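Heads up: the sequence shown runs through residues 193 to 242, numbered per the working numbering.
Each residue gets a CB set at the ideal place from its N, CA and C atoms; glycine is no exception.
Nothing here was measured: the structure is a model prediction, and the numbers come from that model.
Written below as structure tokens is the structure these notes are about.
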Amino acid sequence: MEPMKRQNVVMTGLGPRFGRGLARVFASHGCNLALFAAQVDQLEELRRRR
């Protein structure tokens with residue numbers, strides 16, 4: 193069992209580089225994500241890339 197799988201992660205101020213990259217890492221480990229960013233289009237792009 194993966195230690196991070198199904199863990200809840202809340203990320204605020206999601207930036208275009210570091211924040212999105214980190215969100216992808218958490219998602220690849222099976223984490224549940226709650227993401228907040230000033231620009232909704234950045235979040236939409238992340239959702240489409242799953």
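Beta-bridge pairing of residue i - partner residues as DSSP gives them
i, result
"A226", "V202"
Residue i classed as buried or exposed, judged by whether at least 16 other C-beta atoms fall within 10 angstroms
i, result
"R239", "exposed"
Other residues of its chain near residue i: CB distance less than 6 angstroms, five sequence neighbours each side excluded
i, result
"V217", "none"
"T204", "F228"
"N200", "N224"
"D233", "none"
Assumed close pair residue i, residue j - CB separation to whole angstroms, cut-off 8 angstroms
i, j, result
"A226", "L235", "Incorrect: roughly 11 angstroms between the Cβ atoms, too far for contact."
"M196", "G222", "7 angstroms"
Sequence-distant residues of its chain with Cβ nearer than 7 angstroms to residue i (five each side left out)
i, result
"A215", "M203, L206, L225, L227, L238"
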